[in-house]
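Terminal number for the sequence shown in my numbering: 250, no gaps in between. Just so it is clear, CB atoms sit at the ideal spot from N, CA and C, and this is done for glycine as well.
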Amino acid sequence: MDTQSTLQPLPSGFHWEAQGPVTARHMVAVADINPDVWLATIGDQDNGCLAIIRRHQARAAHIDRPFRTVAAASGWVARWLDRQGRLIAAELASW
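Structure representation (C-alpha cells):
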C-alpha cells in the first residue's frame with residue numbers, strides 16, 4: 156500500500172500515523188490530543204483497501220467500507236472527521 160503520496164489531509168487536530176510491521180503497514184487517523192486512541196484505519200484488502208471508522212459515543216459500532224484506492228479511503232475518513240471531529244475531540248478530552 157502506498158502510504159505516503161495518496162493520503163488526503165485530515166482536518167485540524169487530527170493526523171495520520173503509520174502502524175504495524177512493514178509487511179502489513181496500515182495508516183491510522185488519530186487526534187493530536189490523544190494519539191494513543193485510533194479513530195480510523197486504512198489497510199490493504201484484496202485489490203484495494205479497507206477503511207474502518209472506530210465506534211465512539213455517537214456511533215454504536217465500527218463502520219467499514221472497501222475502496223479501490225488509498226486516496227478514496229482517506230478522503231472518506233477525512234470527510235467523516237470534518238463532520239464528527241469536535242464531538243470526538245470532546246469525548247477524548249473527557250477520558
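Could you compute how far the alpha carbon of residue i sits from the alpha carbon of residue j?
i: Ser249; j: Leu242; result: 11 Å
i: Val232; j: Ala179; result: 20 Å
i: Ala244; j: Asn202; result: 33 Å
i: Arg223; j: Pro190; result: 27 Å
i: Ile188; j: Leu194; result: 12 Å
i: Arg220; j: Val177; result: 23 Å
Who pairs with residue i in a beta bridge, going by DSSP?
i: Pro221; result: Leu205
i: Ala184; result: Trp171, Ala195
Since residue i and residue j are thought to touch, with beta carbons under 8 Å apart, how far apart are those beta carbons, to the nearest angstrom?
i: Phe169; j: Val185; result: 7 Å
Three-state secondary structure (DSSP) at residue i?
i: Ala216; result: coil
i: Ala245; result: helix
i: Gln200; result: strand
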